[in-house]
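Please read the structure below before turning to the comments.
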Amino acid sequence: MRVVLRKRQGAAPGEESQQQQQQQQPFSTVSTAPPLSRSCWQFPAACGPPRRCVVADSPVPCLNWPVLCLAGGTALRESHGRARHAAGGLAPSARPATCRGHRVAGCTGRSAHPASGREVLVRYTRGDDVQTGRDQHTERTEMLSLTMSSTEETLLDDKVLLAQWCAECVRASLEPPANVVEVYGLQQASKDWTPEWQLERTRLLKDSGAVGDRFYLERSVAKEILIDATLWSTTGLRIYLILGPPGVGKSEFIVWLAGQLRLPVYRISLHSPKLTDDMLAQVFSHSWLKHDAAVVQLDEFQGALGRWTASSKDNDRRHQGISAEGLCEVLQGATTLSRGVVILSGTEELSDDAYRQQFRALYRRFNRTITISWLSEDDIRKYFREFLRKFATLHIEEWACWEDRFVKQPDSPWVSRPVSVDMIKQFLTRQVTEAAVANVIVKTTRPAASGLNIAVAAINEDDVTFNVHPGMAEQLCNLVCDYEAATAFLHEYAPVW
């Protein structure tokens with residue numbers, strides 16, 4: 001971004017023509033270079049999203065932004081290409097501005113800070129697309145130019161005002177998106193290049209107050225880790241070891257924790273033979289990471305320990321991949337990630353004393369170790385109820401009857417064997433689909449005004465939902481509490497012990 005402060009000449013800024021302004025010499029220049037996040041300029045959440053328009057089939061900033069609340073109670077009011085800093089209130093723009101053929105209505109704003117009328121000219125310049133690098137990726141030069149007429153008396157204050165505006169825009173662009181968790185992974189464009197962190201996908205943030213597949217079953221151990229991470233991860237690196245059988249929700253817990261901490265997830269595999277100790281230190285260096293803090297996920301940690309154990313028994317020091325010493329060096333955080341959370345997860349064999357003795361340097365760096373186990377009967381009842389609340393509205397007594405029927409002993413297969421969250425979720429998903437096919441559950445539309453605040457789409461759009469058909473709740477209960485279907489499903493489910 002290029003910010004130019006021009007010396008005020010004679011007439012008021014509102015009366016100066018654009019040609020006269022361009023002929024003035026810059027009085028002072030402040031240059032910054034923040035990124036244009038997601039192809040549009042980002043502003044504080046309190047100001048609302050910026051409007052967009054399309055130029056040459058590409059999304060670009062429309063420059064018709066809402067009021068920007070800056071330090072000191074000041075405000076900037078913009079129509080397309082122009083921003084006004086004024087006292088009291090501002091009426092809508094008399095002439096709606098245009099953006100290369102697109103008409104954009106003016107907007108209003110008020111300022112509690114008394115100041116003389118000021119005007120900022122904002123121009124967006126889009127450069128050409130250039131193919132660069134050995135991977136021939138596309139680069140584009142984009143620039144926003146902010147020009148403000150100033151005087152010798154107000155120059156310093158004007159520079160501070162614009163600098164605050166730019167800084168606030170950069171901070172807002174770096175904020176993680178609401179209600180989703182970004183998951184990053186290593187991607188390598190060429191065999192002789194160091195992998196780079198790239199956004200692989202986004203995961204909807206699950207919550208204990210949600211319903212359906214967005215419901216998260218909080219355990220007591222989850223609260224323990226959350227409190228510890230909230231207290232200490234902002235100033236240092238916290239390292240946790242999570243144990244448990246497959247399918248009990250270890251990966252879901254990591255995504256949930258990242259959402260609670262408002263941090264992205266960085267996933268990495270310790271089993272890749274191409275990833276060396278030096279490369280591991282480089283990809284976790286401050287210059288390589290895209291965020292100052294993150295939740296780093298190292299899954300299937302027992303596989304790495306087994307490989308290191310076999311290598312030490314064979315006295316083979318030529319093993320490929322990351323070594324225990326290389327991982328330990330990264331976990332120290334001296335030259336790599338210094339804030340955030342690192343989570344190593346795996347099966348319960350990680351608690352073996354043999355591993356603890358052999359890899360003492362690693363285990364002593366774990367701040368806390370927790371075990372996520374199978375679901376208790378109370379957990380099964382709660383997950384069953386909250387999952388189906390998305391499709392049925394019942395009284396407390398009716399829900400209690402459904403729960404009793406689902407876990408009724410000794411006929412229910414859900415209490416005769418270890419059960420995980422993934423098992424119940426997959427079974428209920430299958431049975432709800434059967435109910436929808438049989439028209440027991442029908443499609444409805446309602447305003448997206450639920451208090452869950454989960455949807456990322458526009459709030460004003462209708463929310464498509466599926467609800468049990470009036471008078472057919474009993475049929476849904478019969479489907480989800482079908483013991484024969486549950487027994488067949490559990491027989492097909494991959495064994496986890």
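With the UniProt record's numbering applied, the sequence shown covers 1 to 497. Here a beta-carbon is modelled for each residue, glycine too, at the ideal position from N, C-alpha and C.
For Trp402, is the classification buried or exposed, using 16 other Cβ atoms within 10 angstroms of its Cβ as the cut-off for buried? buried
Helix, strand or coil for Ser338 per DSSP? Three-state result, Ser338: coil.
How should Val330 be labelled, buried or exposed, when 16 other C-beta atoms within 10 angstroms of its C-beta is the threshold for buried? buried
Assigned secondary structure, Glu139 (DSSP; H/G/I helix, E/B strand, else coil): strand
Out of curiosity, what's the CA-to-CA distance linking residue 499 and Leu174? Here the chain comprises residues numbered 1 to 497, so residue 499 is not present and cannot be evaluated.
Backbone secondary structure at Gln332 - three-state DSSP: helix
So, are the CB atoms of Leu217 and Asn179 less than 8 Å apart? no
With DSSP as the reference, please indicate the residues paired to Trp402 in a beta bridge. The partner list for Trp402 (beta bridge, DSSP) is empty, contrary to what the question assumes.
Comparing alpha-carbon positions, which option in Phe253, Ala293 and Arg238 lies nearest Tyr363? Arg238
Exposed or buried, what is Cys481 when buried is set at 16 or more other beta-carbons lying within 10 Å of its beta-carbon? buried
Out of Val170, Ala189 and Val421, point me to the one whose CA is closest to Asp378's CA. Of Val170, Ala189 and Val421, the residue nearest in Cα terms is Val421.
For Gly321, name the three-state secondary structure that DSSP assigns. Correct three-state label for Gly321: coil.
Note down the Cα distance separating Arg368 from Gln297, rounded to an integer number of angstroms. When rounded, the distance between both Cα atoms is 15 Å.
Helix, strand or coil at Thr230 [DSSP, three-state]: helix
Would you report the Cα separation of Leu280 and Ile343, rounded to the nearest angstrom? A direct Cα-to-Cα measurement between Leu280 and Ile343 gives close to 16 Å.
For the segment 150–204, which segments carrying the alpha helix (DSSP H) assignment without a break, of at least 4 residues, lie completely within its bounds, in sequence order? Taking only runs of at least 4 residues, the alpha helix (DSSP H) segments lying wholly in the segment 150–204 are 155–174.
Cut-off 6 Å between Cβ atoms - residues of its own chain near Pro418, not counting five sequence neighbours on either side: Trp374
Residues of its chain near Glu224, where Cβ-Cβ distance is below 8 Å and the 5 sequence neighbours each way are ignored: Arg368 and Ile370
If you draw a straight line from the C-alpha of Leu428 to the C-alpha of Arg123, how long is it? Using only the alpha carbons, I get a separation of about 54 Å.
Taking the alpha carbon of Val440 as the point to measure from, which residue in Val415, Cys477 and Arg356 has its own alpha carbon closest? Cys477
Round the Cβ separation of Gln229 and Leu261 to the nearest angstrom and send it over; I've been treating them as touching at under 8 Å. Rather than Gln, the amino acid found at residue 229 in this sequence is Ala. The pair is a contact, with the Cβ atoms about 6 Å apart (cut-off 8 Å).
How many Å lie between Trp308 and Tyr266 at the Cα? One C-alpha to the other measures close to 23 Å.
Compare the Cα-Cα distances from Arg140 to each of Arg430, Thr234, Glu349 and Arg126 and report the closest residue. That would be Arg126, whose Cα lies nearest to the Cα of Arg140.
Ile424 - containing beta strand (DSSP E), residue span: No beta strand (DSSP E) holds Ile424; the alpha helix (DSSP H) holding it covers Val421 to Val437.
If you draw a straight line from the alpha carbon of Gln358 to that of Gln332, how long is it in whole angstroms? 18 Å
Can you name the start and end residues of the beta strand (DSSP E) that Tyr266 belongs to? Val265 to Ile268
Can you check which of these residues, Tyr240, Leu199 and Gly471, is closest to Met365 by C-alpha distance? For the sequence presented, residue 365 should be read as Arg rather than Met. Nearest C-alpha to Arg365: Tyr240.
Which of helix, strand or coil does DSSP assign to Cys481? If DSSP states are grouped into helix, strand and coil, Cys481 belongs with coil.
Alpha carbon to alpha carbon, how far is Asp277 from Leu305? Give it in angstroms, no decimals. If I take the Cα positions, the gap works out to 15 Å.
Quick one: what's got a C-beta closer than 8 Å to Thr465's C-beta in the same chain, skipping five residues either side? Lys390, Lys443, Thr444, Thr445 and Arg446
Could you tell me the distance, in whole angstroms, from the CA atom of residue 498 to the CA atom of Val170? No answer is possible for residue 498: the residues shown for the chain start at 1 and end at 497.
Can you give the Cα-Cα distance for Pro195 and Gln188, rounded to whole angstroms? 4 Å
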